[in-house]
Amino acid sequence: AQSVTQLDSHVSVSEGTPVLLRCNYSSSYSPSLFWYVQHPNKGLQLLLKYTSAATLVKGINGFEAEFKKSETSFHLTKPSAHMSDAAEYFCVVSGPYTGGFKTIFGAGTRLFVKA
Amino acid sequence: GAVVSQHPSWVICKSGTSVKIECRSLDFQATTMFWYRQFPKQSLMLMATSNEGSKATYEQGVEKDKFLINHASLTLSTLTVTSAHPEDSSFYICSAAGGRRTSYEQYFGPGTRLTVT
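Top to bottom, those sequences are chains H and V. Here the first sequence is numbered in the working numbering, starting from 44 and rising by one per residue. Here the second sequence is numbered in the working numbering, starting from 7 and rising by one per residue.
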């Protein structure tokens, strides 16, 4: 069984300060983990992914995430927030399932960036 | 690479009519396609998983007779919302997986905004 928990429904930061969006997961197998961003009324954009290679994953727009198996976490970080980072962020876990694989979305974290 | 398109991007229909949404993988063969629904300010909820040439597997609580899914080829899946009602208004997103990509990665379409009046 798989599950994913985004620990904060809303995060507010000032422009230029660090961003931390928290995600914990559970999986019976070694999962693949993803972070997606969704701007209002838009589709999903992949920020980064972990697929059993390096545990520190670098993504687009300065984002990165670290896979910590001992803590079952995959937190998303960025050193310095920009106004354009304001959006909804989803942590996603994928793993094997009968006949293929299954994907579970976290509930999402809304990031607000203050000027 | 790994581009998925959806058509239409938005649609308005009257209550009681049916609407078909297409999902296409443009540059790879999608052995599996997924359909999600997203209500305002909520996360994506998986509706069904379809493998090419076989019947779709629906998630619990999703009416298979209302949301007809067809995955007739390796590049096309369709979702038909039959006898649509205002409560079916939502953002529908498809995704596709397959080809030589990482096993558990899927590629998302841009979504279709359905409004039922």
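Note that CB positions come from ideal geometry on N, CA and C, so glycine has one too.
Proximal residues of chain V, C-beta to C-beta of residue i below 7 Å
i, result
"H/L64", "Within 7 Å Cβ-Cβ: nothing; H/L64 doesn't reach chain V, min ~14 Å."
"H/F148", "S49 and L50"
"H/L154", "By Cβ distance, chain V contributes nothing, its closest Cβ being about 14 Å from H/L154, past 7 Å."
Cutoff 6 Å; reference residue i; Cβ partners in own chain excluding five residues on either side
i, result
"V/R30", "S11, T81 and L82"
"V/P116", "Q12"
"V/Q44", "L50 and F97"
"H/S123", "G59"
"H/T94", "S75"
"V/R119", "W16 and F97"
"H/F77", "K92 and V135"
"H/K157", "S57"
Candidates the options: closest to residue i by CA position
i, options, result
"V/C101", "V/E69, V/S56, V/R119 and V/L120", "Residue identity differs from the one stated: residue 101 of chain V is Ser in this sequence, not Cys. Comparing Cα-Cα distances from V/S101 to each of V/E69, V/S56, V/R119 and V/L120, the minimum goes to V/S56."
"H/L99", "H/E109, H/G105, H/L91 and H/K92", "H/E109"
"V/D71", "V/A62, V/S79, V/A78 and V/H77", "V/A62"
"H/L91", "H/G102, H/K157 and H/F155", "H/G102"
"H/H125", "H/L50, H/S73 and H/F155", "H/F155"
"H/A97", "H/Y79, H/H82 and H/F117", "H/F117"
"H/N84", "V/S79, V/W16, V/P92 and V/I27", "V/W16"
"H/Y79", "H/H53, H/S52, H/L119 and H/K111", "H/L119"
"H/E176", "H/L87, H/A129 and H/K121", "It is not possible to answer for residue 176 of chain H, since the shown part of chain H is limited to 44 through 158."
"V/A90", "V/V25, V/V9, V/F34 and V/P14", "V/V25"
"H/H82", "H/S127, H/A158, H/T141 and H/F144", "H/S127"
Contact set for residue i: own chain, Cβ-Cβ below 8 Å, skip 5 residues either direction
i, result
"H/S71", "A44, Q45 and G138"
"V/Y42", "L50, M51, L52, M53, Y98, I99, C100 and S101"
Residue i at chain A interface by Cβ criterion, 8 Å
i, result
"V/P116", "The displayed structure is made up of protein chains H and V, and chain A is not among them."
Residues that residue i contacts on chain H, provided the C-beta gap is smaller than 9 Å
i, result
"V/T88", "The contacting residues do not exist; V/T88 stays about 24 Å from chain H at best."
"V/T81", "Going along chain H, no residue has its Cβ under 9 Å from V/T81, so there is no contact; the nearest lies around 18 Å."
Continuous beta strand (DSSP E) stretch holding residue i: start and end
i, result
"H/M126", "It is not in any beta strand (DSSP E) - H/M126 carries neither H nor E in the DSSP assignment."
"V/A78", "F73 to S79"
"V/S49", "First-last for V/S49: undefined, no H or E at that position."
"H/Q49", "Q45 to Q49"
"V/T84", "L82 to V87"
"H/A96", "Per DSSP, H/A96 belongs to no beta strand (DSSP E) and is neither H nor E."
Listed by chain order, chain V residues near residue i by CB distance under 8 Å
i, result
"H/G138", "Y110"
"H/G151", "Q48 and S49"
"H/S113", "Those within 8 Å of H/S113 in chain V number zero; the least Cβ separation is about 21 Å."
"H/S69", "Those do not exist, as H/S69 stays about 15 Å from chain V at its closest Cβ, beyond 8 Å."
Close Cβ partners of residue i (< 7 Å) along its chain, the five nearest in sequence each way excluded
i, result
"V/Q112", "F40, S101, A102 and A103"
Interface partners of residue i on chain H, CB under 8 Å
i, result
"V/F40", "T146"
"V/I99", "G86 and L87"
beta-carbon residue i near the ligand PLP non-hydrogen atom, thresh 7 Å
i, result
"V/A8", "Looking for the ligand PLP in the displayed structure turns up nothing, as the structure carries no ligands at all."
Stretch-stretch touch, CB-based, cutoff 8 Å, three pairs: the stretch 54 to 69 of chain H with the stretch 134 to 153 of chain H: Counting C-beta pairs with one atom in each stretch, the stretch 54 to 69 of chain H and the stretch 134 to 153 of chain H have three or more that are closer than 8 Å, which means they touch.
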